[in-house]
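Shown next, in structure tokens, is the structure this report addresses.
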Amino acid sequence: MIRYMLRRFGHALLLLVGVSLLLFILMEAAPGDFFSEARLSGEISPQTLHALRAQYGLDQPLPVRYLKWVSSAMHGDFGYSVAYNMPASTLLLPRARNTLLLTVPCLLISWLLAVPLGVLAASRRGGWIDRVYSGGTSALLGLHDLLLALLALLFALRTGAFPAGGMASLDVTGGLWVHWKDIGWHMVLPAAVLIVGSLAPILRHVRSTMLDVLDSPYMRAAEGHGINRFTLLFRHALPAAANPLISLFGLSTALLIGGSLLVEVVMSWPGLGPMVLEAILARDMFLVLGAVLLSTLFLIVGNLLADLLLYAFDPRIRTEA
Amino acid sequence: MRLADLSIDYLGSDGEVVSALRKVELEIREGEVLGVLGESGSGKSSLSNAILRLLPPNGRITSGRIEYRGKDLLALSQSELRQVRGAGIALISQEPALALNPVLTIGRQIIDVLRAHRRVSKEQAMEQTRAMLREIGFPDPDRISRAYPHQLSGGQRQRAAIAQALICEPSLLVADEPLSSLDTITQAEILELLQKLKGELNLSMMFITHNAGVLSSLAERVAVIENGQMRACGTLDELSSLDDAYVRGLIFPEKDLGRVLVQPQEPNWSVTEEPFLRLRNVSKHFIQRRIFSRRKFAVQALQAIDFEIREGSTIAVIGRSGSGKTTLARCIAGFETPDSGEVSFAAEVANQSRGVVQLIFQDAGSALNPRFTAADAIAEPLVIARQASPDQRSQRVRQFMEEVGLDPSWASRIVIEFSGGQRQRIAIARALAASPRLLILDESLSGLDLPIQAQILGLLMDLQSRHGLTYLHITHDLNFLSRFADEVIVMDDGRIVERNTPAVLFQSTHPATRSLIEASERLHAPGLEVAQ
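Residue numbers (this note's numbering), protein chains in the order written: chain A, 1 to 321; chain B, 1001 to 1532.
See the structure below:
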């Protein structure tokens, strides 16, 4: 078990190095840097620009810059945001916390919704519940996150029932409880958009995996032994379907984080999304790098969690391992 | 239990209605074992599924009644039906590996059946499960009930499935080919167990099989099913005295072999003194290791194997599963490198670049690409060897198909449209296309019905005399051995324990050989092999 975890950790490290290297190369390939626009203004002399570039180390060749960044990252320093004049990590960490605050509950809620619904649809194959389900998920798949977010904003504006963006009201005062209630209130719409946006693929997978299991000879055998339907579905079929579903769980974290970056921008949730967008437009190298690495880290943690769950749920994997 | 006028249709994917059973009439009396004998595809399995109304969604019972103790099962509501399932009538199926849920322990699966029918506390349920497992022949029921199906052997799984079926003391057991996926010795053990249980529990049984030999010691009456229709019904003796070629073919499949058997011809290839293949002191072990612990298990698969094969001969390798037969085949075919020792072919064979050794596997269904047509599959070795133009290739494919007894006009059919026996013929044609010298038949016949086995063996013998092929026939059952093999090697625990001609071997006193022979005798119609 410990050796397995160590190996997974090694893989994760390799992945982070790969992603950072790729980002360095891609950012280099894109034209210009943070000071490109300043050059156009004419008020700043080329000498000053040159000096600024040298000060931030932007005049050095790519491999040197990468190695320098790696060596400082090893000491916990993930670079410096040129735009904010602050260390990238100081900027990113609260943002990352906000992104997690939004995505983790969404992940849990979508799975808690999808599993019983999927089991229900699979157990009524071909019936009207199943047909509504299949039609509904198809429709959901066709809806883009962006459209959903805009609809939610429209709803908030028209009804005024929910705040139309942000994470907290400025005028709320009171204790911790009031503060959290306010945040929760702000979360409702972005969370709803994220859940609705990420639910469809999960729903479809739960249904089709359950159908595969229900068609299997051992389910027919169990049915032949007269075991009742509820036990069959939830105690026999669902554990057998867990393996592919847990793998999907790992993947769904990726989908959700991807979706969340977009939704955060549209609904002005102060997570990583708006900051990454801003940093990319400003070519604020280390901020982009830090944000992408953090997202990668979330993914890795999600998949690691999925692996641990698999280990816990599937006896076959325990024996193989 | 009485089936009256039972007909079942399947709706094919192309909207075509296929009739699986037509107007079947059967009766099983209290405490009686009824054998249902038929080839694969005859509708036997539809019969067993229909009894508990477990037909797949595209199957439909179009007419008839299924009466169990006076009640028509077809008229029962779902909840009444559930009470009959498992408690009144229980089912054990062909493939115990597939009939048990892979992620639940054996104990859980048995207890769930018990608690579906009886109000018992957890402790009582555990106690009854343990008692059942002990009854079924597990000396340590606690370990088995905590085990998951993949941790058990095939025979243990079938025992567990039987325990699951019998835990609620049903009065009728429907057994659908319960032996066909097990090796001979295990088959004999399970058969013995079923006989014992029948006596102890006054169990009625419907035993579905393609092997008449099994029924001779178990069934009071036998019903023969052909193409969904009842062909005959009666005791095995009555049936074998019937003047009906189909029934006799099922009961005495070896007669079939006699018919297709070509008379031994003068060999038209040179018998060289140099052995065709020689194994010297070949050993192979595997290390199994667990990632999460440091324990390692060394499995000694082959230990100092020494033998040689003459060109044009047939050597059978027999032994129970796990005796190292397949590792031996893989070493000869070059899939595995032996730890020590040497596998060498005669010099002139070693010069032939490729295709010298061809394997034919047990399950032709999975050994052939399901998306290929028969022609694609057979032409593949030619394509790989970059031999022949496309025109010549299709010419050769037709030739090979004719040679293995397939209609060449079927060349463009997809592999999955062929039956099991036909697929095995395609696999043989594919092997022939590589112009091999040695064919390794790795349990190539085990998945097939006995009459089909006889036909394929006849084909193989025919091909041998025409092409001068050498066969290494690996098998766990001794069907037709004396008609087919020049020599038999008995393996046990990775060693060769005996090597002899079949006739001498059947008199052997070595325990490993004896147990194989006895198991095989128990499973086959009396006199089938011994009389040779």
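In this text, a Cβ means the ideal position worked out from N, Cα and C, and glycines have one as well.
Rounded straight-line distance, which links the Cα of residue j to that of residue i
i       : j       : result
A:L310  : B:G1312 : 52 Å
B:Q1124 : A:H225  : 19 Å
A:L67   : A:L112  : 44 Å
A:F249  : A:I2    : 23 Å
B:F1506 : B:I1517 : 7 Å
B:S1180 : B:H1210 : 9 Å
B:H1117 : B:C1168 : 7 Å
B:Y1471 : B:L1277 : 11 Å
B:E1080 : B:M1205 : 22 Å
B:D1306 : B:S1283 : 10 Å
A:D130  : A:I202  : 15 Å
B:G1574 : B:G1319 : It is not possible to answer for residue 1574 of chain B, since the shown part of chain B is limited to 1001 through 1532.
B:A1375 : B:I1384 : 14 Å
B:R1157 : B:V1214 : 20 Å
A:Y218  : B:P1102 : 8 Å
B:R1437 : B:A1333 : 12 Å
B:E1529 : B:P1370 : The pLDDT assigned to B:E1529 is 38, lower than 50, so where the model puts this residue is not dependable, and the model offers no usable value.
B:G1234 : B:E1200 : 25 Å
Segment limits, beta strand (DSSP E) that includes residue i
i       : result
B:G1035 : 1033–1037
A:G290  : Counting along the chain, A:G290 falls outside any beta strand (DSSP E), though it belongs to the alpha helix (DSSP H) covering 285–313.
B:Y1068 : 1059–1068
Minimum Cβ-Cβ distance from residue i to chain A less than 8 Å
i       : result
B:Y1148 : yes
B:S1040 : no
B:Q1265 : Since pLDDT at B:Q1265 reaches only 40, below the 50 mark, its modelled position is unreliable, and the value read off the structure follows with that caveat. Closer than 8 Å: no.
B:L1261 : In this prediction, B:L1261 has a pLDDT of 40, which is less than 50 and means its spatial position is unreliable; what the coordinates show is noted afterwards. Chain A, which has no Cβ nearer than 8 Å to the Cβ of B:L1261, makes this no.
B:A1099 : yes
B:R1069 : no
B:A1175 : no
B:L1052 : yes
B:G1086 : yes
B:R1082 : yes
Residue range of the alpha helix (DSSP H) that includes residue i
i       : result
A:V104  : 88–123
A:F9    : 2–29
B:A1188 : 1184–1201
A:V82   : Looking at the DSSP string, A:V82 is not in any alpha helix (DSSP H), and its letter there is neither H nor E.
B:Q1083 : 1078–1084
B:S1520 : 1511–1523
B:A1377 : 1374–1384
A:M191  : Per the sequence presented here, residue 191 of chain A reads as Ala, with Met not at that position. Unbroken alpha helix (DSSP H) run through A:A191: 176–214.
Under 7 Å by beta carbon: chain B residues contacting residue i
i      : result
A:Y56  : Result: empty, since nearest Cβ-Cβ is about 47 Å, beyond 7 Å.
A:P239 : V1103, L1104
Any chain B beta carbon closer than 8 Å to residue i
i      : result
A:G127 : no
A:R207 : no
A:I317 : no
A:H11  : no
A:D182 : no
Chain A residues whose Cβ lies nearer than 7 Å to that of residue i
i       : result
B:S1093 : P217, A221
B:Q1164 : H225
B:L1003 : Going along chain A, no residue has its Cβ under 7 Å from B:L1003, so there is no contact; the nearest lies around 17 Å.
CB contact flag (residue i, residue j, <8 Å)
i       : j       : result
B:Q1424 : B:L1448 : yes
B:L1538 : B:Q1094 : With chain B covering 1001 to 1532 only, the question about residue 1538 of chain B has no answer from this structure.
A:M210  : A:V292  : no
A:G79   : A:G290  : yes
B:L1052 : B:L1006 : no
B:G1228 : B:S1508 : no
A:G273  : A:S252  : no
A:L13   : A:S123  : no
Proximal residues of chain B, C-beta to C-beta of residue i below 8 Å
i      : result
A:T231 : D1112, A1116
A:D314 : V1103
beta-carbon residue i near the ligand ZN non-hydrogen atom, thresh 7 Å
i       : result
B:D1486 : This structure simply doesn't include the ligand ZN, nor any ligand for that matter.
Amino acids of chain B, ordered along the chain, whose beta-carbon sits closer than 9 Å to that of residue i
i      : result
A:D395 : As shown, chain A starts at 1 and ends at 321. That puts residue 395 of chain A outside it, with no answer to give.
A:R235 : L1104, R1108, D1112
Chain A residues whose Cβ lies nearer than 9 Å to that of residue i
i       : result
B:A1090 : G224, H225, G226
B:A1075 : Neighbours of B:A1075 on chain A: none; closest Cβ ~17 Å, over 9 Å.
B:G1494 : Here the premise fails: no neighbours, minimum Cβ distance about 23 Å.
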